[in-house]
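Visitor:
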Amino acid sequence: MKESETSRRQFIRCCAVGAGGLACGGLAVHQMITTGPSTDLRTGFQDDAPETLDQWSREASWYVSTGELVRCELCPQLCILGENDRGYCRARVVKDQKLHTLTYGNPCSIHVDPIEKKPLFHFLPGSEIFSVATAGCNLRCKNCQNWEISQARPDDTENIDLLPERLVETVQARGIPAIAYTYSEPIIFYEYVHDAAVRARQAGIKNVMVTAGYIEERPLRKLCQVIDAANVDLKGFTDRFYRQITGAKLEPVLRALQILHEEGVWFEITRLIVPTLSDQLDDIRAMCGWIVDTLSPDVPIHFSRFHPAYQLKTLPYTPDAVLVSAKDIATEMGLKYVYIGNLPTRRGQHTFCPSCNRRVIERHGYLLGHSLLGESGDCTCGERIPGVWL
Amino acid sequence: MCLGISAVVTQLLMLREALAVFGGNELIIGLLLGVWLLWTGIGALLGQRLAGGRAPGAWLVCLLFSIALMPTAQLIVLRLFRGALVPGTLPSLSVICVGAALVLAPYCLCSGMIFPLAAVLLSPRKDAGQVAHTYVFDTVGSILGGLLFSFVLVRFCTPFQTAAFLLYLSLAIVLVQTWRQHRIAAVAAVLVIAAFSVGTIRFNPEARTLSALVYGQPVLYHRTSFSGHIIVTGTDEQVTIYENGIPTGATGDPAAGEEIVHYALAQHTAPKKVLLVSGGLTGAVSEILKYPVERVDYVEPDPVMLDVTSRVIDLERDPRVQLVSGDPRRFLRHGDNRYDAILVNLSEPRTVHVNRFYTVEYFKEVRRALRDDGVFSFTFPGLENYAGRETRLLLSSVYASLTSVFPDVLIVPGRRQVFVAAGPQRPLDIGIPQRLRTLGIPTVYVRDDYFRAKTRPDRLSQAQEAVSMPAPLNRDFQPVTCYVHLKYWLRQSQSNLVLPLTAIAGIAILLITLLYRQRRVVTAAVAASGFAAMGLKMVLLIIFQSYSGYVYHHISLLIAVFMAGAAAGAACGRWLRTAPGPVFRRLDIGLALIALGLCTLTAAAPSLPAALVTVVIVPLLLALAGGVVGCQFVLASRLVFTGVGNTAAQLFLLDMLGACLGALVISTYLIPLGGLVTTCIVLGAVKGVTALWLLRAAPAALTEPAKATVPEVIPPAAMPGGGGGRRRQVFATFGVIVVVFVVTGILLGWERTQPWAYAMSFHPVYQGMLLFLLFWGVFSALDLKRLPNRNWASWRLGRLTVFQWLNYVVFAVAVFFPIFRCYFKVPYLFCHVCPRKCIFGVIRPFIIPGVLLMNIRKRHWCYHGCPIGAVLDCEARVSRQRWRSLGFLRGLFSLAVLALIVYVYFRVRDDFYSGPITDNWYEALFKNSYSVTASVVAISVLVLILGFLWVRAFCDLICPVGTVSEFLLRREQHARAKPGPASPASAPEEPGQFNSNLEDRPSP
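Listed in order, the protein sequences are those of chains A and B.
Numbering-wise (my numbering), the first sequence opens with residue 2 and increments by one.
Numbering-wise (my numbering), the second sequence opens with residue 742 and increments by one.
1) Does Ser377(A) come out as helix, strand or coil in the three-state DSSP assignment?
2) Can you give me the Cβ contacts of Asp299(A) inside the same chain, cut-off strictly under 8 Å, excluding the 5 residues immediately before and after it?
3) Answer yes or no: does any C-beta atom of chain A fall closer than 7 Å to that of Val1185(B)?
4) Thinking C-beta only, is Glu1000(B) closer than 7 Å to Val1749(B)?
5) Using 8 Å as the Cβ pair cut-off and three pairs as the minimum, do the segment 1251-1267 of chain B and the segment 1168-1175 of chain B touch?
6) Cys25(A) touches chain B at which residues, Cβ-Cβ below 8 Å?
7) How should Val1454(B) be labelled, buried or exposed, when 16 other C-beta atoms within 10 angstroms of its C-beta is the threshold for buried?
8) Just the Cα atoms here: how many angstroms apart are Cys76(A) and His303(A)?
9) Could you tell me whether any Cβ in chain D is nearer than 7 Å to the Cβ of Asn1237(B)?
10) Taking Ile1300(B) and Gly887(B) to be in contact with their CB atoms under 8 Å, please state how far apart those CB atoms are, rounded to whole angstroms.
11) To which residues of the same chain is Pro1220(B) closer than 6 Å at the C-beta, ignoring the five residues directly before and after it?
12) Quick test of your reading: Ile1335(B) and Leu1365(B), contact by CB under 8 Å. State the CB separation rounded to the nearest angstrom.
13) Thinking Pro797(B) and Leu858(B) are a contact (beta carbons under 8 Å), I'd like their distance in whole angstroms, please.
14) Within 10 Å of its beta-carbon, does Arg348(A) have 16 or more other beta-carbons around it, so buried, or fewer, so exposed?
15) Can you give the beta carbon distance from Leu121(A) to Glu264(A), rounded, assuming they're within the 8 Å contact cut?
16) What's the gap between the Cα of Ala1162(B) and the Cα of Phe1098(B)?
17) Would you say Val1026(B) and Val1062(B) are within 7 Å of each other, going by their C-beta atoms?
18) Of the residues that make up the segment 97-125 of chain A, which ones have a beta carbon closer than 8 Å to any beta carbon in chain B?
19) Could you pull out every residue in the same chain whose Cβ sits closer than 6 Å to the Cβ of Arg1531(B), ignoring the five residues on either side in sequence?
20) From the DSSP secondary-structure annotation, give me the bridge partner or partners of Phe131(A).
21) Between the Cα of Ala953(B) and those of Asp162(A), Ala174(A), Leu316(A), spot the shortest distance and give me the residue it belongs to.
22) Using beta carbons (cut-off 7 Å, strictly below), is Pro1440(B) in contact with chain A?
23) Please name the residue, chosen from Cys142(A), Val65(A), Glu159(A), that lies closest to Gly1129(B) on a Cα-to-Cα basis.
24) Give a yes or no on whether the C-beta atoms belonging to Leu819(B) and Val762(B) are separated by under 7 Å.
25) Using the Cβ count rule (16 or more neighbours within 10 Å means buried), how would you classify Ser1348(B)?
26) Measure the alpha-carbon distance for Gly45(A) versus Leu82(A) and round it to whole angstroms.
27) Does the structure place the segment 742-759 of chain B close enough to the segment 1202-1210 of chain B that three or more beta carbon pairs sit under 8 Å?
28) Does the Cβ of Pro812(B) lie closer than 6 Å to at least one heavy atom of the ligand SAH?
29) Taking the C-alpha atoms as reference points, what is the distance between Phe307(A) and Leu907(B)?
30) List the residues of chain A that Pro995(B) touches, going by C-beta distances under 8 Å, in chain order.
31) From Val1359(B), Leu1417(B), Thr1050(B), pick the residue whose C-alpha is nearest to that of Arg1216(B); which is it?
32) If you run the structure through DSSP and keep just helix, strand and coil, what is Phe967(B)?
33) Which one of Tyr1499(B), Phe1482(B), Gly1606(B) has the shortest CA to CA distance from Lys1578(B)?
34) Quick check: what's the CA-CA separation for Pro253(A) versus His262(A)?
35) So Pro1154(B) and Gly1123(B) are in contact, right, with Cβ under 8 Å, and what is the actual spacing, rounded?
36) Determine the direct distance from the alpha carbon of Ala1555(B) to that of Trp1497(B), and round the result to whole angstroms.
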């Protein structure tokens, strides 16, 4: 073979390089012309939306559309989504440049629980509550007890057809006084909660939201108009804990608590104490101080015992002593109604009158015992215990 | 032999520690074992090069020093690894894969390297018999090491004491080997021993690192048992026991003890004899004693756990309580007691070993041990509000197996689901609190207070629905629940099987490539034997356990029997005087027949007497299988002999790769999904294929090479030569290059100019220029000789061509942008998830394929386009660069970096979807703003300084494009060198030379 002739290997290489170069360049030019760099801002699950929207899809509220991108403004994750993208919460997708919720009227879990299980101790004590949840969550708590719902897509769970009107009819038919939007995060099925709550209120049924409070201000204020009570999980009191364990930030949760307080919604706070991660007593002291100063000493707080769950399985249970210390600190800081949860030893379950120190509500687990409160929550000494008692 | 002892003791020690750190299910155990075998095999391959190198003796001494110190270092690293995770979490599958690969690599590589080195050095003979010699001694060492560990070290020594024993053993070998000739090494060994002893006493690494396993909680007590670490931690009034890093019980949780006991015992009016399996720490024994029982047998599988539990809560206070340590199934089978209630509280069926307590056969044994009106219950992870598909499948599989034996089963739902089962004479009632009230038994948790909420009709029907999925029965010889649990675990850890399957595929491809290159039926048979032997061992051990229960020392002895068989087989092969080919073929057929025969035995096993199976058949088959494998290895070394080191390394690698594949595939997929019978058929089929191949092979393939002794020649890598040049011009060019680099850095780093630079970089004109240059680069790389661009490259300004200058200036902004202002602080890696892409992030999808295409032609991009390459080129010219090559270590390092980059690429994508800011390491990168960080600048400076000492340090070590291109180039050179006889024109071009000889590098 002559030196100047092209060998077969060279020829194949030239062809490969040439074809590859052309393809690459063509693709680049095509992308430059068609889209431009702005779409690279997308977050969330890209191209993960279902092929078609089903009967439980509705156009979502709280989003803005800018060109080809959609920005969800429901929660502080503030997802920027392109066409066919799915939000961080797994429950919202973009179709036809509009944001859609996939969880309108298709809960995957419905149960009837005692209201004390939420826990709500100053809201219709002793009554039952109809609990609903849909798949998805805007947090990523490593100790989630309901991870099979919260870390799933609505398309992957087995759902029940229960549109708001049917939900209210069902609850009414069973004679249950309240609906709880719970288990997963109700914020991510906001539209369902809102519409069901409006109808429930019309039917004289109360609405309760059990939430982590990770929501933007405007949607929360609107929801406060139709919600009667809330239990907010204040999972820790450091931003580090929130980022490390929940995938969220602390500040929006504190803001949500302030808004609930401003809007006059009855709410109670649950604080889970996780050994080694959030059991520092100084931290608890700071949290109680903040509640007393910013919200009110009347806000009930539940210190809840940690059980190993989901991905946080190698930590021990919270020792009783830590829970009792937390309760003592909260009382010392001026909180009037401090409870201990998830502990079957009856310690820290009863409500005491802050004025006469008499046991005004006795509780045995989830069952209500003897109560000294009047219909409007008045103790025999005349002190009014805050809450919703009727 | 001592090395064999050291290797096997370290293997057992490290795998136990790794299980404590990573958590253990069948997949993880398989992965750890697979990683261990893979690295050891690769080590053998590297050792082959060392054996043929200049000073193998010095290498051996160095390696002995390394393996002396590494067990201790690895123990510390493994435990600190757990401390580096978010407290309370177990690592995800991808972290486990990478963590295990990184932590286990150093020791395994070194120990693998020693095998061929020892084969070459430790005997004057240079024939195939030497390989056999080494194999036999290594195997005998393994037997001794295994027995020593199982019967002595695990019982009497802490892990660090065992590591110290390994250090003394390895250094004793060094002393013996070097005392006469190399006094310096001997003195160093003595010094290391002294320093280590003083250091261990002074710093007490055991206590210091132990707390990392339990996240800094106060450790009250620690012991090692055959099942792993038992650590007791105490926080205030609560004591928790950790077994292998997972809490298995705690005091202060009355609900747990009550749920284990009362759901079952409340069904019985007057239980007299009760058997409790594990769970004593929850207070279950005292709950049982609230009933009028006459005897409580408390069985704990692990004697250390029993000892610890009885220390924490005084179990022996009541004379009615009998404490038994041993396998519960063995106890049930051999005990002649019949019980009113059997209460079990064991962990989930993570492994085939634990799965034995959820099989149909086990439930039948329980039924036999129960009185007619007896009650049986066990706890299982349940569901609170919703059960996903994996959970339902898991529950359904267990439920189906249970109901196949007990017709009446009651499920008490909850986070901890309790299954209560009984025969037809004992109807079950859900009204448990009422029954307890009637019996007058006081409780704290099992009362209406809580029970009513958890047993509402909707929750009961949900629990019933959750177990009603169609699911196969879980059996001893087909542990399906184990696989279902693996899927459940994957779902829970938000992982999938992509990574393990990719690893399996990668190892399979590696194995096939190696076999294809050798095109030798004998080596293929050795690899297949490694695979089959691993499978046969697992199958036989499962059969043994199903008959005799799990007895740690019995299992150790059985493994020793297998190894003894291998040693004996190897010795027979060594002394065989006839032609090895036919014997090798017959042994292959024999192994296939053993696998198929085992299939028949598995099918017939239930009808055979237990003593016959456990005392005769299983040990005999293990010894036979070991003997065949050992003998085959030795015969293969004679058949494919190419020098002692080469042969030993090659066969060792193939054997290890086969076993590695077996460890990954058989325990994780084949046994759970196919069952033992199918597994045996597959193993028989694999061996059958090689046997058939051997039968059809040409006689030449099965004859020994003509010359028994082959010299081992591995030419040392040619050292590249340096360049020269007009120094002033060189320095001027370098100066301009550095100035451009610094100016670009300032423009991008300074807050006032940065927005302008950012805006400019997105300007269509600039983007157009980038694309044009990319096009032109690809065009130039085509190397079309008749095109005018041919001469343009010779237009030089200073020491760079015009195009290099142009590329440098234009690409400077795009390529240097991430160095100075990466959102993630690690340039180039995270562009695919970056929410604020810079210009590099935008063009990355085009630039990377583009430059890889260019590099097909002699790394065109690296030498003509890359701005970083231009900087390094200039540095090369103004310095002497003494470090030119580190041989395979360089390749290894660059491949490791490449693997890390690939891992990070996929890991970050995965994380971003499932919870990015919850991981510490991610958060360290994800600081939510552009900023110039000291670390990035420091690394850039380091790379620049390194560039003065080492030709293209960045390209060779870190840059993924450089690594891939280097690999392609080597492949091409290899292919080019292969066809004809070596001649100056077609001699392979040493990449180092190509890199460094900048003046003479090929120009287009």
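Virtual Cβ for every residue (Gly too), placed ideally from N, Cα, C.
The model shown is predicted, which means the values in this text are computed figures rather than measured ones.
Guide: Straight from the coordinates:
1) Looking up residue 377(A) in the first sequence gives position 376. DSSP places Ser377(A) in coil when its eight states are reduced to three.
2) Position 298 of the first sequence, counting from 1, holds the residue named residue 299(A). Excluding sequence neighbours, Asp299(A) sits near Lys337, Tyr338, Pro387.
3) Locating residue 1185(B) in the second sequence gives position 444, where the first residue counts as 1. So yes, Val1185(B) belongs to the interface.
4) Coverage of chain B is limited to positions 742 through 1745, which leaves residue 1749(B) absent and any answer about it impossible.
5) no
6) For this step, residue 25(A) is matched to residue 24 along the first sequence. Going along chain B in sequence order, the residues near Cys25(A) (Cβ under 8 Å) are Leu1515, Val1519, Phe1587, Pro1590, Gly1591, Leu1594.
7) Working through the second sequence from its first residue, we reach residue 1454(B) at position 713. Confidence is the limiting factor: at Val1454(B) the pLDDT is only 37, short of 50, which leaves the residue's position unreliable and the question unanswerable from this model.
8) Here the question's residue 76(A) lines up with position 75 in the first sequence. Here the question's residue 303(A) lines up with position 302 in the first sequence. Going from the Cα of Cys76(A) to the Cα of His303(A) covers about 25 Å.
9) Of the protein chains in this structure, namely A and B, none is chain D.
10) By 1-based counting over the second sequence, the position of residue 1300(B) is 559. By 1-based counting over the second sequence, the position of residue 887(B) is 146. Between Gly887(B) and Ile1300(B) the Cβ distance is about 6 Å, and since that is below 8 Å, they are a contact.
11) Within the second sequence, the letter at position 479 stands for residue 1220(B). These residues qualify, in order along the chain: Val1093, Asn1096, Pro1413.
12) Position 594 of the second sequence, counted from the first residue, corresponds to residue 1335(B). Position 624 of the second sequence, counted from the first residue, corresponds to residue 1365(B). Rounded, the Cβ-Cβ distance is 6 Å, consistent with contact.
13) To locate residue 797(B), count along the second sequence from 1; it is residue 56. To locate residue 858(B), count along the second sequence from 1; it is residue 117. Confirmed, about 6 Å.
14) Locating residue 348(A) in the first sequence gives position 347, counting from the first residue. Its Cβ having fewer than 16 others within 10 Å, Arg348(A) is exposed.
15) By one-based count along the first sequence, residue 121(A) stands at place 120. By one-based count along the first sequence, residue 264(A) stands at place 263. With 8 Å as the limit, Leu121(A) and Glu264(A) do not qualify as a contact, their Cβ atoms being about 17 Å apart.
16) Counted from its first residue, the second sequence places residue 1162(B) at position 421. Counted from its first residue, the second sequence places residue 1098(B) at position 357. Roughly 15 Å between the two C-alpha positions.
17) As a first step, residue 1026(B) is located in the second sequence; it is residue number 285 there, counting from the start. As a first step, residue 1062(B) is located in the second sequence; it is residue number 321 there, counting from the start. Yes. Within cutoff.
18) Cys109, Ser110, Ile111, His112, Val113, Asp114, Pro115, Lys118
19) Within the second sequence, residue 1531(B) is the residue found at index 790, counting from 1. Its pLDDT being 45, under 50, Arg1531(B) is placed unreliably by the model, and the measurement read from it follows with that caveat. Correct list: empty, nothing qualifies.
20) Locating residue 131(A) in the first sequence gives position 130, counting from the first residue. Within the DSSP secondary-structure output, Phe131(A) pairs in a beta bridge with Val113(A), Ile180(A).
21) As a position in the second sequence, residue 953(B) is number 212, starting the count at 1. Ala953(B) has its Cα closest to that of Leu316(A), out of Asp162(A), Ala174(A), Leu316(A).
22) Counted from its first residue, the second sequence places residue 1440(B) at position 699. Closer than 7 Å: no.
23) For this step, residue 1129(B) is matched to residue 388 along the second sequence. When only C-alpha atoms are compared, the closest one is Glu159(A).
24) The count along the second sequence starts at 1 and reaches residue 819(B) at position 78. The count along the second sequence starts at 1 and reaches residue 762(B) at position 21. Contact annotation: Leu819(B) and Val762(B) have beta-carbon atoms nearer than 7 Å.
25) Here residue 1348(B) corresponds to residue number 607 of the second sequence, with the count starting at 1. It is exposed - the Cβ of Ser1348(B) has fewer than 16 other Cβ atoms within 10 Å.
26) On the first sequence, residue 45(A) is found 44 positions in, with the first residue counted as 1. On the first sequence, residue 82(A) is found 81 positions in, with the first residue counted as 1. When rounded, the distance between both Cα atoms is 7 Å.
27) Not touching, per the Cβ criterion.
28) Absence of the ligand SAH from the depicted structure is noted, as is the absence of any ligand whatsoever, leaving it without description.
29) Here residue 307(A) refers to the residue found at position 306 when the first sequence is read from its first residue. Here residue 907(B) refers to the residue found at position 166 when the second sequence is read from its first residue. Near 42 Å, if we compare the C-alpha coordinates of Leu907(B) and Phe307(A).
30) Within the second sequence, the letter at position 254 stands for residue 995(B). Within chain A, the residues near Pro995(B) are Pro345, Thr346.
31) For the purposes of this step, residue 1216(B) is taken as residue 475 along the second sequence, with counting starting at 1. The shortest C-alpha separation from Arg1216(B) is found at Leu1417(B).
32) Counting from 1 along the second sequence, the entry for residue 967(B) is found at position 226. Coil, per DSSP.
33) Here residue 1578(B) refers to the residue found at position 837 when the second sequence is read from its first residue. Answer by Cα proximity: Tyr1499(B).
34) Within the first sequence, the letter at position 252 stands for residue 253(A). Within the first sequence, the letter at position 261 stands for residue 262(A). Between the C-alpha atoms of Pro253(A) and His262(A) there is a straight-line separation of about 14 Å.
35) The count along the second sequence starts at 1 and reaches residue 1154(B) at position 413. The count along the second sequence starts at 1 and reaches residue 1123(B) at position 382. The Cβ separation is near 6 Å, so the contact holds.
36) Here residue 1497(B) refers to the residue found at position 756 of the second sequence. Here residue 1555(B) refers to the residue found at position 814 of the second sequence. Cα to Cα, the separation comes out at about 14 Å.
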